[in-house]
Amino acid sequence: MNIFVSVLLFAGVFFFAIGTIGILRFPDFYTRLHAAGKCDTLAAVLVLLAVALFNLQDFTFGNLLVSLKILAIGAFFSITSPTATHSLTKAALVVGVEPWTKEQRQP
Amino acid sequence: MSTVFLAAAIALLLLILLSLVRAVGGPTVLDRIVGVNVIGTKTTIVLLLIGLLYGQVGMFVDIAIAYALLNFIATLGATKFFLRRKSVNLQDELIKEKEVA
Numbered sequence: 001m002n003i004f005v006s007v008l009l010f011a012g013v014f015f016f017a018i019g020t021i022g023i024l025r026f027p028d029f030y031t032r033l034h035a036a037g038k039c040d041t042l043a044a045v046l047v048l049l050a051v052a053l054f055n056l057q058d059f060t061f062g063n064l065l066v067s068l069k070i071l072a073i074g075a076f077f078s079i080t081s082p083t084a085t086h087s088l089t090k091a092a093l094v095v096g097v098e099p100w101t102k103e104q105r106q107p
Numbered sequence: 108m109s110t111v112f113l114a115a116a117i118a119l120l121l122l123i124l125l126s127l128v129r130a131v132g133g134p135t136v137l138d139r140i141v142g143v144n145v146i147g148t149k150t151t152i153v154l155l156l157i158g159l160l161y162g163q164v165g166m167f168v169d170i171a172i173a174y175a176l177l178n179f180i181a182t183l184g185a186t187k188f189f190l191r192r193k194s195v196n197l198q199d200e201l202i203k204e205k206e207v208a
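Protein chains in written order, with this note's numbering: chain H, 1 to 107; chain A, 108 to 208.
In structure tokens form, the structure reads like this:
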């Protein structure tokens, strides 16, 4: 059980690190948004799953309720993060942020 | 087991510092909003890990829920504001202000 929780936790932190590197390194706004969306949903839900599982180790009714709340945060993230990404993309398109093209590549 | 959670929380804090680079120095305002949004997500997770470390998850879960809600509302509000304002480039505005002055 402990090993399973550790693997989930490590996978979550790993995907968070990848998302952060993507936010720092990608060349324009839309690609950065792509990296941020991955890091918001997948990694957060992985870590939340690990915390909920670890909390259920001594099984009582109160702990079950707390774990359900943690999973509710995960469900909330998986709804709101795509919504935020969508609205940011819409704002960028309306305002006119230019996408990165192949011609702008630095040699 | 608490060592693993402590290591994960410290790693997340370092990643928050890295995201802060994008939030401070992003070329447009929307880049900053993305950085702040990601920092908010990570803070929610770090709050839960702190709760595990102190052995009071039941209390910290509620704080984490409130933080997630606030983060979402703040992102949507800021996006809506800049959608109506139709300008996200701070450099352009500074140049315009100088021309007007």
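Here a beta-carbon is modelled for each residue, glycine too, at the ideal position from N, C-alpha and C.
Check the C-beta distance from residue i over to residue j and give it rounded, since I have them as a contact under 8 angstroms.
| i | j | result |
| --- | --- | --- |
| Phe76(H) | Ala175(A) | 6 angstroms |
| Leu177(A) | Ser87(H) | About 16 angstroms; that fails the 8 angstroms criterion. |
| Ala118(A) | Leu156(A) | About 10 angstroms; that fails the 8 angstroms criterion. |
| Thr80(H) | Gly37(H) | In fact, because the Cβ distance is near 11 angstroms, the residues do not count as touching under 8 angstroms. |
| Leu48(H) | Leu71(H) | 7 angstroms |
| Ser78(H) | Thr41(H) | 5 angstroms |
Thinking C-beta only, is residue j closer than 9 angstroms to residue i?
| i | j | result |
| --- | --- | --- |
| Val145(A) | Gly133(A) | no |
| Phe14(H) | Ala43(H) | yes |
| Ala173(A) | Gly158(A) | no |
| Lys102(H) | Thr186(A) | no |
| Arg129(A) | Leu46(H) | no |
| Ala50(H) | Gly12(H) | yes |
| Val66(H) | Val136(A) | no |
| Thr151(A) | Ile73(H) | yes |
| Leu53(H) | Leu64(H) | no |
| Met108(A) | Val95(H) | no |
| Phe167(A) | Leu9(H) | no |
| Phe83(H) | Phe179(A) | According to the sequence as given, residue 83(H) is Thr; it is not Phe. Against a cut-off of 9 angstroms, the Cβ pair of Phe179(A) and Thr83(H) comes out as a contact. |
| Ala17(H) | Leu154(A) | no |
Would you mind reading off the limits of the alpha helix (DSSP H) that contains residue i?
| i | result |
| --- | --- |
| Gly162(A) | First-last for Gly162(A): undefined, no H or E at that position. |
| Lys90(H) | Phe61 to Val95 |
| Lys193(A) | From DSSP, Lys193(A) is part of no alpha helix (DSSP H); its letter is neither H nor E. |
| Leu33(H) | Phe29 to Lys38 |
| Thr110(A) | Ser109 to Gly132 |
In three-state DSSP terms, what is residue i?
| i | result |
| --- | --- |
| Thr151(A) | helix |
| Thr101(H) | coil |
Around the Cβ of residue i, are there at least 16 other Cβ atoms within 10 angstroms (buried) or fewer (exposed)?
| i | result |
| --- | --- |
| Gly147(A) | buried |
| Asp138(A) | buried |
Could you work out which residues of chain B lie near residue i, taking near to mean beta carbons separated by less than 7 angstroms?
| i | result |
| --- | --- |
| Arg32(H) | The structure shown contains no chain B; its protein chains are H and A. |
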